[in-house]
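Protein chains in written order, with the working numbering: chain H, 288 to 963; chain X, 4 to 201; chain Z, 554 to 839; chain D, -17 to 93.
Cβ coordinates follow ideal geometry from the N, Cα and C atoms, glycine included.
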């Protein structure tokens, strides 16, 4: 409990203290640094954790993108020899797993972590240390998965069963390498991270809103992220069950998927898609939320039909649970299931359509500014609509049976995933970049980035519809000439490299703009003339977020502090952002203290994972990390009583598991407390 | 500044009026329902897939499992008694009941180990059939939850012995109690669905 | 120059070693065995020989230590260090039980060498534990100048390891013992044993809860007796072994309700011993 | 048995929100739970014919609600908590039961 720091302080005050106290071994005391790389390992600040999430996800994005390029090199021409069949299986599996679990989900988590507390006017999330824990667990799980590409030989041990890993194809007989073990364990680890994060953010949204911020005054982004967290909360356990069964089946010869013993391999498909369909919305709802922030700002109009937006999001969240079997039409479910799920799938298009129409209505009659974030946001609206429509086509079971496992499916979900999600995330990057890092990304490079990506994606995924209808199957590592596949495959590959160029432009833009930013004036708190609370504080925000808790009187509080209406009902500005915004120079705020324990606990999990695969003894080591970490965590107060002079937290040391840990996190609820 | 401080201290309460930890625990328990639901469903799907091995009615020993169920139920009672004692500020009784809860939990887990060993001896291995795999996974998973609960309870006892578990920290006991009751509720399901309907 | 402490322990050393050698010969060892620790030739009564030898060498080591530190005499220490006064010792954090546990560990390891590898394993684990804990305590003793701070420092570092280990250990022992007892009983005996065990636990708890004024010593004693009883019964049950299980299907094992069931119901009422007796009877019945 | 239940309920209801039920009422609740469990176990020894499954389900649900309401004090806590619990269980039941029925029934119909 870092008691020694307190004692040194006493000495400087000149109090008569009996003992001379020296700093004992540094690592055994509570971390205090707020600068340097070490501080990033121990940080519990939701903003820094958000940046960590984003950075890690971006790295995985590049990795997953390289895998996509490898596939496109292989398929650009008939009878390609760039990848062997075995490697190709691993590459497409890792591409899918990486992009979904290690890019799209954590990227959304980055926005959620960074923005939710700011948008609801909170000082931090409900459990800052759990927040750090979920990031480190995610990173550990991600690296664990990726390590399968190197451990035991270059691309010989990665999962090779496709991202949904159907059984018994993913069993030991058909997939004898350790790859599927990595898949099963790695995804369980990242699942734990998502679950912790979901609990944390749900509590944050329900419990930590600032005065006057009722649920229906929360920005649409926060709402969508909240719905996402609920979906995660309930969907993650389902896939955990599935992965658990898979793990036991592979490692300990359990009979869950052994048809010879009377098992039903469809069980896996059900469990996977009960998770998998909500997962689709887990991925896309944050992007919807981002678009719902960007479009009103650059249309200079409030969002059209706020409550419709929110309720359609909630409706999607609910209905997402009733459609999973449409992924399984080709598996012989029986006509009634097929009919029922076919119907429910058509219905889910309704709330999605509501959203599209509301975005259009928001733009309708607005003063539109087409800068990079807006361009990406509009791209989401259009591209996602294409993806949504092709999705409705395979709600018809008869059509679906023809399309299943062809490139038509690949085209469809990439229009959703790339057109909807990645574009949405890029809109978010360009939009909040000045808030997070204090400088704007260059517009010219940004627009280049946008056009390269939008043209690239249509070149890549558009022709895939045709290929699919022509009968080209997905997941074949090569094809023969003479079936009419050559032209479109070449186009697709060219498109893929165009996208890669676009992403490269983005990365260049980051560094270029950072260098340029030194010559430009600071961006100020509100570079886009926006509407929600995060723009009311300086850019980048101070550690403590808000100097004073903000009193919220309505939706778009910040905008209403800048603008009002005259007698004729016309909008007039009566304050500038700089006048309204907080300065962020307060220095006496009691913040949650950094902690070593999250990273200690998180380190244990991949070790346990390797242990399960290679030697159970390692599990003991990993378990030691986890248990020690949790107990150390539980006895460490959420905020260091010695960090600030007012010691109003009872030093807690109870020993128990995560629950007890969260009991202690309790005190961080009161992080808003300020020493007078 | 002083006002702000006052303000901040006057409004420690949360939007829902409930502490973050308690809310978080309930959110977590909601998620656990899906976890156990999935395992129970797996079991229900495979309950008759015995692959030529022993069936449920061959091995289950209802009288013993009934006693186990009673023991777990009893431990739920002692758990609330522990919490109620601590809320009154009665640390001694709190300790007594916490320890009792842990011991009863250990008897339950001991019974499960016994049961597993007995089933194994009678030819129901983990890999015998989909039924056996599903049964061991479900009940084993529950057993692990109970064991984690016992470890937390024992830790609470130690903390209490060191004098660090006072009335003000009753919520910690409450949270662990909620977890414990949840595990009990799951067993109520398992006992009926798995054992009594063979 | 020989200190009093040294003399005492050296005497013990000589006596014990001599005793060990004699024992080794007289109980059937050959002429070289007992003096080479059994390396060249055999030792008769191995267990007794080992215990005496270990006692002897332990005494010898302590004697040498005492000689080296002049029986802990402050002036002598100062002389040795070449300073005017001996450095002021720091207040240790409190009573240390690690020397005791360390001794037990050493003893267990040696006995284990002779008796069973599992016992040796327990001894080794205990020994490693002792070294680790002792080291950490020693470190914390000197970490800062403030004993209070030292204690908290030690706790903050060590409790996350100690607490779960202790809890896990206790749970594991209890679970292992209880399940052994059930396994040794007949099917109905197990039902009975579980019932009685639960009743005893709750009975004791109710007893304590209604009389919270019971002195701490009595409470500790009862808890220890129960724990010890459970452990001993578990060990006995483990040694007795599991009952015979019929492989697969067919459930005709209801017939084995011995008389011991009845006897154990009689003895309900006063504490764990009786349960244990009951369960034990159950065990030996098979 | 019913008598115990009603007294318990009455006793609990007399307390206001900040007051927690007394130890005696907890013991009463446990007694009720014990009796239901005993009834459950009895179905194993006595044949109750076609009512077995419904009876067991009813008793199981009753036990669940009693534990949740009294031991987990959802009765006193805010409805939100019950919402999470009931929501989780409802979602799990609907989704998983649908899943199980697709294995058993849905392919036996012919159009």
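Can you give the Cα-Cα distance for residue i and residue j, rounded to whole angstroms?
i              : j              : result
residue 83(D)  : residue 719(H) : 47 Å
residue 358(H) : residue 768(H) : 17 Å
residue 756(Z) : residue 107(X) : 12 Å
residue 85(X)  : residue 180(X) : 9 Å
residue 573(H) : residue 512(H) : 5 Å
residue 699(Z) : residue 706(Z) : 10 Å
residue 61(D)  : residue 51(D)  : 11 Å
residue 385(H) : residue 432(H) : 8 Å
residue 74(D)  : residue 30(X)  : 14 Å
residue 617(H) : residue 31(D)  : 41 Å
residue 497(H) : residue 355(H) : 44 Å
residue 672(H) : residue 196(X) : 46 Å
residue 812(Z) : residue 746(Z) : Any reading at residue 812(Z) must be qualified, since the residue scores a pLDDT of 35, below 50, and its modelled position is unreliable; no value is offered.
residue 562(Z) : residue 618(Z) : 10 Å
residue 589(H) : residue 508(H) : 14 Å
residue 837(H) : residue 816(H) : 19 Å
residue 188(X) : residue 46(D)  : 6 Å
residue 576(H) : residue 819(H) : 13 Å
residue 779(H) : residue 659(H) : 25 Å
Am I right that residue i and residue j are in contact with their C-beta atoms under 8 Å? What's the rounded C-beta distance?
i              : j              : result
residue 218(X) : residue 193(X) : Any property of residue 218(X) remains undetermined from this structure, which presents chain X solely from 4 to 201.
residue 20(X)  : residue 66(D)  : Contact doesn't hold; Cβ gap of about 15 Å is too wide.
residue 191(X) : residue 39(D)  : The Cβ separation is near 12 Å, so there is no contact.
residue 973(H) : residue 449(H) : Chain H is shown only over 288 to 963; residue 973(H) falls outside these bounds and no answer can be derived.
residue 587(Z) : residue 573(Z) : 7 Å
residue 548(H) : residue 542(H) : 4 Å
residue 138(X) : residue 53(X)  : Actually they are not in contact, since the Cβ atoms of residue 138(X) and residue 53(X) sit about 10 Å apart, beyond 8 Å.
residue 992(H) : residue 510(H) : What the structure shows of chain H is the stretch from 288 to 963, and residue 992(H) is not part of that stretch, so it cannot be assessed.
DSSP has residue i in a bridge; who is on the other side?
i              : result
residue 850(H) : 860(H)
residue 693(H) : 760(H)
Are residue i and residue j close, meaning C-beta to C-beta below 8 Å?
i              : j              : result
residue 559(Z) : residue 616(Z) : yes
residue 642(H) : residue 726(H) : no
residue 698(H) : residue 677(H) : yes
residue 154(X) : residue 720(Z) : yes
residue 821(H) : residue 538(H) : no
residue 604(H) : residue 690(H) : no
residue 499(H) : residue 840(H) : yes
residue 90(X)  : residue 173(X) : yes
residue 608(H) : residue 68(D)  : no
residue 783(Z) : residue 732(Z) : no
residue 881(H) : residue 326(H) : yes
residue 24(D)  : residue 48(D)  : no
residue 446(H) : residue 380(H) : yes
residue 827(H) : residue 723(H) : yes
residue 783(H) : residue 747(H) : yes
residue 397(H) : residue 331(H) : no
residue 690(Z) : residue 649(Z) : yes
So within the region 133 to 201 of chain X, which uninterrupted alpha helix (DSSP H) runs reach at least 4 residues, ignoring any that extend past its ends? Taking only runs of at least 4 residues, the alpha helix (DSSP H) segments lying wholly in the region 133 to 201 of chain X are 133 to 164 and 173 to 193.
In chain order, which continuous runs of the alpha helix (DSSP H) of length 4 or greater are located wholly inside the region 558 to 610 of chain H? 593 to 606
In the region 485 to 529 of chain H, which residue ranges form an unbroken beta strand (DSSP E) of at least 3 residues, counting only runs that do not cross its ends? Qualifying beta strand (DSSP E) stretches: none in this window.
In the region 3 to 74 of chain D, which residue ranges form an unbroken alpha helix (DSSP H) of at least 4 residues, counting only runs that do not cross its ends? 5 to 27 and 34 to 48
4-residue-minimum alpha helix (DSSP H) runs that sit fully inside the region 37 to 90 of chain X, ordered along the chain: Secondary structure within the region 37 to 90 of chain X: the alpha helix (DSSP H) runs of 4 or more consecutive residues, fully enclosed, are 59 to 62 and 65 to 90 (chain order).
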